[in-house]
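**Student:** Sharing a structure below in structure tokens format, with a few things to ask.
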Amino acid sequence: MASPSSRFLHSRQFGSENLHSSTPHGDNDDWRGYSKQPSSSAHSFRLKVASTVSEILDQLVVEKAVKLPFESFLECVNFPIPTYDGEDDLSTFTSWLLQLESWLRIYQLVGECHDAARIQILHQALTGNVAKWYMTCVTGPAGDDFVARRGYENTFQGHILLLASEFISQASLTKAWAEFDNVQYNQAQGVRAFHRNLDLAVRHILLGNDFAPTELAIRDRIMTEVPERFRRFLSRSASTEEWVDEIERLECCELQITLREIRRRRMGLATPK
33 MASPSSRFLH SRQFGSENLH SSTPHGDNDD WRGYSKQPSS SAHSFRLKVA STVSEILDQL
93 VVEKAVKLPF ESFLECVNFP IPTYDGEDDL STFTSWLLQL ESWLRIYQLV GECHDAARIQ
153 ILHQALTGNV AKWYMTCVTG PAGDDFVARR GYENTFQGHI LLLASEFISQ ASLTKAWAEF
213 DNVQYNQAQG VRAFHRNLDL AVRHILLGND FAPTELAIRD RIMTEVPERF RRFLSRSAST
273 EEWVDEIERL ECCELQITLR EIRRRRMGLA TPK
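Letter by letter, the sequence shown follows residues 33 to 305 of this note's numbering.
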């Protein structure tokens, strides 16, 4: 039986194109290769967003609910439903979807038997204009026809895919890259914080290796941002984690030297003449 994601990805909206069929980048290509394929980039972008949604939700749809040992606790505690207001931002949408998936899993609203309940929860998880659009177009009187004409199944996951198609534009990818570009190295915070923030920004892009080879992008930023006195100790054959470990070691050495110098000066000032 085909998985939920395979049915969605071969809908009329996204076509039957293979997810990895975009032209591979060569050695001289920019790793933001989506900008070099104007005729197919929008379609490829939609494919990637659909793939991301399916990766997050596929397991939720197929697994079976279980009775939780802390069910009585959940009856006493009201965890708020994560909300989304329709912002055209990849990181915001992805973070919300991950939080919503976690919320549904906490309350064991998993499996096909709870699909109707998940759709009702989605009503509560949307705010502002996106909530009006969802209630009017998707779950309103003509909602079934609207969803079918757009090429989706009338399920929770189908509604999420339709939501992404409607509210997440390709321009949001540019915003996501801007967030990545705005991450700066700060020696006071250290290279590990720099690497963590870069990794988080890239993961929010969530477009796979066709568009954003994560390692290459992060390594390029590290080599550009960290001081040259650190870079000269790095081996090209080493992994990114090994780079971070080595730079962190050098940062610690510099900090120890600085602290010793500060103590020496203070002791010198404190010595009576």
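Ideal Cβ positions, reconstructed from N, Cα and C, are used throughout, including at glycine.
Here the structure is a predicted model, which is why all the values come from computation and not from measurement.
Between which residues of its own chain and I88 is the CB-CB distance below 7 Å, once the five residues before and five after are set aside?
**Tutor:** Closer than 7 Å at the Cβ level, and outside the excluded window around I88, lie L129, L130, E133.
**Student:** Mind checking S76: buried by the 16 CB within 10 Å criterion, or exposed?
**Tutor:** buried
**Student:** Find the nearest neighbour of A97 within the set E144, A148, S123, S86, judged by alpha-carbon distance.
**Tutor:** E144
**Student:** Are R137 and F188 closer than 7 Å when you measure CB to CB?
**Tutor:** No, the Cβ-Cβ distance between R137 and F188 is not below 7 Å.
**Student:** For T115, collect the residues of the same chain with a Cβ closer than 6 Å to its Cβ; drop the 5 residues on either side in sequence, then sort them by chain order.
**Tutor:** A157, T159
**Student:** Judging by CA-CA distance, which residue of Q221, I250, G222 is the nearest neighbour of R235?
**Tutor:** I250
**Student:** With a threshold of 7 Å on Cβ separation, who are the neighbours of E283 within its own chain once the five nearest residues in sequence on each side are excluded?
**Tutor:** Q219, G222, V223
**Student:** What does the alpha-carbon distance come out to for the pair I192 and I200?
**Tutor:** 11 Å
**Student:** For L266, which of helix, strand or coil comes out of DSSP?
**Tutor:** It is coil, neither helix nor strand.
**Student:** Alpha carbon to alpha carbon, how far is S43 from V85?
**Tutor:** Its pLDDT being 37, under 50, S43 is placed unreliably by the model, and the measurement read from it follows with that caveat. Distance between the alpha carbons of S43 and V85 is about 14 Å.
**Student:** How would you write the range of the alpha helix (DSSP H) that V81 sits in, first residue to last?
**Tutor:** First-last of the alpha helix (DSSP H) with V81: 73-94.
**Student:** Quick one: what's got a C-beta closer than 7 Å to V179's C-beta in the same chain, skipping five residues either side?
**Tutor:** The beta carbon of V179 lies closer than 7 Å to those of V170, N186, G190, L194 in the same chain, with the five residues before and after it left out.
**Student:** L122 and S204 look like a contact to me (Cβ under 8 Å); what is the Cβ gap, rounded to whole Å?
**Tutor:** 5 Å
**Student:** Could you spell out the range, first to last residue, of the alpha helix (DSSP H) harbouring E211?
**Tutor:** Element bounds for E211: 203-214.
**Student:** What is the DSSP secondary structure of Y166, reduced to helix, strand or coil?
**Tutor:** helix
**Student:** Please confirm if N186 has its CB atom under 7 Å from at least one CB of chain D.
**Tutor:** Among the chains in the structure shown there is no chain D, since it carries only a single protein chain.
**Student:** Considering Cα atoms alone, identify which of I279, D90, Y139 is closest to R263.
**Tutor:** When each option's Cα is compared against that of R263, the closest is I279.
**Student:** Among M167, V94, D176, G300, which one has its Cα closest to the Cα of D147?
**Tutor:** Comparing Cα positions, the closest option is V94.
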